[in-house]
Amino acid sequence: MSISHTLLGLLETGPRHGYDLKRTFDEKFGHDRPLHYGQVYSTMSRLLKNGLVEVDGIEAGGGPERKRYAITDAGITDVEGWLATPEKPEPYLQSTLYTKLVLALLTGRDGQGLLDTQRSEHLRLMRELTRRKTMGDLADQLICDHALFHLEADLRWLETAAARLDKLAKEVRA
Amino acid sequence: MTAVAHTASAHADSTGAGSGAGVLLQAEGLHKVYGTTVALDGADFRINAGEVVAVMGPSGSGKSTLLHCLAGIVPPDSGTVTYRDQQVSSMSDAQRSALRRGDFGFVFQFGQLVPELTCLENAALPMRLAGAGRKDAEAGAKKWLERLEVDDVRHHRPGQVSGGQGQRVAIARALAGNPRVVFADEPTGALDSLNGERVMELLTQAARETQAAVVLVTHESRVAAYSDREVVVRDGKARDMTMLAGAV
Chain V
1 MSISHTLLGL LETGPRHGYD LKRTFDEKFG HDRPLHYGQV YSTMSRLLKN GLVEVDGIEA
61 GGGPERKRYA ITDAGITDVE GWLATPEKPE PYLQSTLYTK LVLALLTGRD GQGLLDTQRS
121 EHLRLMRELT RRKTMGDLAD QLICDHALFH LEADLRWLET AAARLDKLAK EVRA
Chain B
1 MTAVAHTASA HADSTGAGSG AGVLLQAEGL HKVYGTTVAL DGADFRINAG EVVAVMGPSG
61 SGKSTLLHCL AGIVPPDSGT VTYRDQQVSS MSDAQRSALR RGDFGFVFQF GQLVPELTCL
121 ENAALPMRLA GAGRKDAEAG AKKWLERLEV DDVRHHRPGQ VSGGQGQRVA IARALAGNPR
181 VVFADEPTGA LDSLNGERVM ELLTQAARET QAAVVLVTHE SRVAAYSDRE VVVRDGKARD
241 MTMLAGAV
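Protein sequences, first through last, are from chains V and B. Mapping to UniProt numbering: the first sequence position 118 is 118, numbers consecutive. Mapping to UniProt numbering: the second sequence position 156 is 156, numbers consecutive.
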């Protein structure tokens with residue numbers, strides 16, 4: 001996920017302070033990984049430098065100065081372009097698992113065991129997400145569903161690989 | 001009301017996955033052969049009160065046969081099934097029928113509701129068969145239909161309701177008799193994804209509240225994700241996969 005685009009998108013709804021951006025980000029998107037304040041301020045510095053945001057005001061309080069950021073027209077165009085561009089489907093996990101499986105078979109290790117272990121780990125995470133989904137609101141449900149569908153696809157691959165394990169073992173060892 | 005009298009609270013203390021003390025139903029060394037096909041080849045299984053266990057595996061691996069043996073529907077050729085210190089495998093047909101009626105609840109994929117009866121009468125059926133009066137049985141059934149969000153179709157017949165509603169009625173029926181073990185064989189197999197998930201949510205929630213154990217046969221990982229642990233049946237043997245999780 002692009003943090004800078006996400007923060008920019010949040011700024012499109014109205015100017016915000018850095019801490020407010022972090023809080024909103026965490027509430028909406030940061031269930032697994034809340035943002036560090038440092039990430040917010042370094043991202044804002046970069047966006048400022050690139051002209052995608054500007055400082056809308058500075059509040060002097062008891063502590064350090066608090067900058068309020070606003071999105072610029074260039075920033076809005078950037079968000080629009082990001083939202084309009086599809087994400088690249090990346091079958092990264094299958095590639096890694098395939099490599100591990102082939103290496104296991106090549107070295108005479110237990111390929112079925114490797115698949116079973118991965119399968120259990122996938123299902124453990126699916127249980128966790130399902131629990132979170134069951135207790136959560138609609139946003140939680142949709143976020144968890146996205147992860148669950150991906151994990152399910154991986155599991156199907158694991159099952160397919162298990163069903164073809166003997167054949168694969170013969171091929172890689174030939 | 002039941003073959004083995006019980007209340008939800010009476011077995012609320014016997015939980016704890018993996019703990020021998022809480023084992024409610026256990027199978028050891030089950031063998032079952034149909035003709036030349038070996039369906040079970042030394043399968044072991046156990047489930048604790050209040051636990052939901054998914055039984056998974058490829059088609060033809062023996063998972064439905066395992067469920068049928070556990071539920072006393074078919075006797076194994078060898079091996080034992082023990083339910084609360086009683087040997088199910090050595091019971092008479094009548095004793096097993098009484099056990100199934102009283103202590104077990106069943107949810108299948110298709111064709112489980114009696115088409116001539118209304119949804120309310122269907123849900124009340126196990127209690128009626130166990131000797132409850134019509135009024136009491138239907139009052140109990142109505143409570144479960146409400147819980148499963150299908151109270152509004154209680155006077156409809158199964159042919160007049162959707163697949164998802166029918167499945168919820170079937171779950172209400174399975175739970176209305178206050179079973180200690182619910183056997184669910186592909187309970188969401190005929191439903192779309194959203195309906196299937198809602199059905200699983202309601203089934204597992206209700207079962208956990210009443211401390212009923214659920215043996216859930218499924219080939220869908222998203223359905224299995226509602227369970228507490230997973231057993232995979234492969235080549236007639238059952239393997240508990242819980243120990244493997246967290247190893248990577």
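C-beta: ideal position from N, C-alpha, C; glycine also.
- Restricted to the segment 163-241 of chain B, the alpha helix (DSSP H) segments that are unbroken, complete and at least 4 residues in length are 163-176, 193-210, 221-224, listed in chain order.
- Annotation: residue 73/B is outside any beta strand (DSSP E) and is labelled neither H nor E by DSSP.
- In this structure, the beta-carbon distance from residue 107/B to residue 213/B does not fall below 8 Å.
- Residue environment for residue 34/V: exposed (fewer than 16 other C-beta atoms within 10 angstroms of its C-beta).
- For residue 162/V, the three-state secondary structure derived from DSSP is helix.
- Between residue 241/B and chain V, the shortest Cβ-Cβ separation is below 8 Å.
- In this structure residue 101/V does not touch residue 174/V by the C-beta definition: roughly 16 Å separates them, more than the 8 Å allowed.
- Assignment of beta strand (DSSP E) within the segment 77-164 of chain B, counting only whole runs of 3 or more residues, yields 78-83, 104-107 in chain order.
- Not a single CB atom of chain V sits nearer than 8 Å to the CB of residue 187/B.
- Residues of chain B with a Cβ closer than 8 Å to the Cβ of residue 45/V do not exist, since the nearest Cβ in that chain sits about 38 Å away.
- Chain-order list of chain V residues neighbouring residue 201/B: 134, by C-beta distance under 8 Å.
- Residue pairing from DSSP places residue 54/B in a beta bridge opposite 216/B, 230/B.
- Cβ neighbours of residue 26/B within its own chain (closer than 6 Å, five residues either side excluded): 46, 82.
- Annotation for residue 45/B: no alpha helix (DSSP H) segment contains it, though the beta strand (DSSP E) segment containing it runs 37-48.
- Between the beta-carbon of residue 181/B and that of residue 104/B there is about 5 Å, and that keeps the pair under the 8 Å contact cut.
- Interface flag for residue 225/B against chain V is set, since a Cβ pair is found closer than 8 Å.
- For residue 122/V, the number of other beta carbons within 10 angstroms of its own is at least 16, and it is reported as buried.
- With its beta carbon less than 8 Å from one in chain B, residue 130/V belongs to the interface.
- Counting only the Cα atoms, residue 122/B lies some 10 Å from residue 156/B.
- Counting only Cβ-Cβ distances below 8 Å, residue 166/V has no contacts in chain B at all, with the closest Cβ about 13 Å away.
- Taken atom to atom, the span from the alpha-carbon of residue 4/V to that of residue 86/V is near 17 Å.
- Assigned with DSSP and collapsed to three states, residue 56/V falls in strand.
- Going by C-alpha positions, residue 72/B is about 59 Å away from residue 82/V.
- For residue 120/V, a Cβ of chain B is located within less than 8 Å of the residue's own Cβ.
- Among the bridge pairs identified by DSSP, residue 3/V is matched with none.
- Boundaries of the alpha helix (DSSP H) harbouring residue 131/V: 111-135, taken from the DSSP string.
- In the DSSP annotation of this structure, the continuous segment of the beta strand (DSSP E) that includes residue 66/V starts and ends at 66-71.
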